[in-house]
Every structure is written in C-alpha cells, then in structure tokens.
Amino acid sequence: MLKSFAGGAVFGERVGDGPPQVLAMHGWGRDRRDFDEVLEGLDSIAIDLPGFGASPEPVEATGAGGYAEQVAPVLDDFDEPAVVVGHSFGGRVAVNLAVLDPQRIRAMVLLGVPLLRRTTKGGRASPLPYRLIRSLHRFGWVDDDRLERVRQRYGSSDYRAATGIMRDVLVTVVNESYEPQLREIRQPVHLVWGGEDREVPIAVAEQAVDLLGSAQLTVLEGVGHHVCLEAPEAVRAAVLGVTS
C-alpha cells in the first residue's frame, strides 16, 4: 500500500511488519517496483523518486543534491540509521543523502551508479553534429527549434522521453560528478555491478572504490545495467550483508 512522505512530495511502499531498516531508490525512468523481489519480506521502504511513479514532479529543476533534500524526511520513519540501496539515478541521490544526513545512514548498497563523469576511456563523446549545433546555439546562431531537433535525433532515450522540469533535471544530473561526496562518506558501501553494464562501465565503480573510505565491489558476470531485475538474489544478498 502506498504511503506519502515529506508532506506528499514523495510516495513509497512499506514492506514487512517491523520498523523499516532499508530505504530503496530506483533508477531514472523506473519506480519502486524494481525492488519487489529484492525486498520481499524485508522491513523496508521503497520510494518513487519525485517525478516518477506516484510521486509528483519537483517544483523546480535540481540535481541529485536537491533530490536528497526532498528524500531526507523519509528517514523520519526509521527508528535507527537506514541501509540505503540506490540503483543508477537513485544511487546518485543516495551518496548525496549520506553526506547530507550521515548520522541517519548506516550503510549503502550502490547498483550501477554513474558516480563519476565518464572520460574518453570507456566513455562516449557526444556526436560531432550535436556538439557543433550546441556551440552555434550558445552564440545565438542557431535557434531553439533547431537545437531541439538535433537533441531529439542524437539524444539518449531518457532525454527524448523527458519533458519540462524532468528534462532539466536530467540535463543537470548527467553532468554531475561526485568525487567530493565519495571522499566524505565513511559508512560501509557495497557496490554491486553488472559485468555487462554498458551504461555505467565497471571502471566507474573501480574508480569510486578508490575514493570511498570503506567499500567492497562485487561484479556480476552476464548481468547488465538493471541489476535489480536481472539479479535480484545477488542484490538481496548484498543488502542482507550490510544489515546483519
């Protein structure tokens, strides 16, 4: 059954009969149901991040830090520090939440999270036509309609599907990198990555481990980006490992 949090800014689902121990946050374009198999029977809360599922869009465009501020009141429902599980975009929010409210975060499990801005090594540069039109637009030589047509042609599926505030949020977060936050985190972190993740390569996780104070990396062979759906038992094992 859905429950509202943060004055109706966030909706989520309680799982289990006891006080919640785990807070789960999904990836971009997804919702709380991605964690159904992972959290079955565990005392937990899986939320729809603002703008997804049952949760209304944020009132203004913000990055992952702003999302963490919106999500923080959910922790009021926890009697003890929470284990936070974040997939992709939800993991971006999780690392910011851990810095924003460290006393209320016990540990984290991060799944295929774009924690660091991708470089040319293993990364993908924007197509040349898009970069050219974008540069011309900055100087006022190309109008908004032309830029939008190029974005629709060369942009990601997430970008093409997003509109209004949510598109502005997406543009903000895809350009974020979290080196300062990772260096501040002192909670135990278990990174669980798909060995076939093409959206966020394993190299990102390996670099993040070097920045984190206490971290473990598990690579799941034959698994892609949607770890919760492709390997729920492995994610569940990681969650149980940091809650025990």
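Quick note: the sequence shown uses the numbering used here, first residue 391, plus one each step. All residues carry an ideal CB built from backbone N, CA and C; glycine is no exception. All figures in this text were calculated on a predicted structure; none of them were measured in a lab.
When the distance is taken between beta carbons, is residue j closer than 8 Å to residue i?
i, j, result
"V464", "G402", "yes"
"M415", "A484", "yes"
"E596", "L607", "yes"
"A451", "V412", "no"
"D587", "G612", "no"
"V617", "V625", "yes"
"R445", "V400", "Going by the sequence as given, residue 445 is Ser instead of Arg. Result yes, Cβ atoms of S445 and V400 sit closer than 8 Å."
"L581", "L500", "yes"
"V503", "G530", "no"
"E569", "L526", "no"
"E566", "G417", "no"
Closer than 6 Å by C-beta to residue i: which residues in its own chain qualify, once you throw out the five before and the five after it? Chain order, please.
i, result
"H455", "Checking the sequence, you will find Gly at residue 455 rather than His. Answer for G455: N486, listed in chain order."
"A552", "L560"
"D491", "A462"
"R494", "L465 and P471"
"E574", "V489"
"Y457", "V483"
"D469", "P409"
"D558", "A451"
What does a CB cutoff of less than 7 Å around residue i pick up in its chain, not counting 5 residues either side in sequence?
i, result
"G406", "G431, L432, D433 and S434"
"D421", "D438, F442 and G443"
"Q571", "V485, N486 and V489"
"L619", "D424"
"P622", "E427 and V428"
"E447", "P440, G441, I555 and M556"
For residue i, does the count of other Cβ atoms within 10 angstroms reach 16, so buried, or fall short, so exposed?
i, result
"R482", "buried"
"Q460", "buried"
"G480", "buried"
"P409", "exposed"
"S478", "buried"
"V632", "buried"
"V590", "buried"
"M556", "buried"
"V563", "buried"
"V449", "exposed"
"G513", "At G513 the pLDDT is 45, less than 50, meaning the model places this residue with poor confidence and gives no usable figure here."
Looking only at DSSP bridge pairs, what is residue i linked to?
i, result
"H477", "L501"
"G584", "L610"
"E403", "L392 and A436"
"I495", "A472"
Output needed for residue i: all residues of its chain with C-beta closer than 8 Å, excluding positions within five of it in sequence on either side, in chain order.
i, result
"A605", "P578, V579, H580, L581, A598 and V599"
"G585", "I592, V609, L610, E611, G612 and V613"
"R576", "P492, G603 and S604"
"T510", "Its pLDDT being 38, under 50, T510 is placed unreliably by the model, and the measurement read from it follows with that caveat. Hits under 8 Å: none found."
"L392", "F401, G402, E403 and A444"
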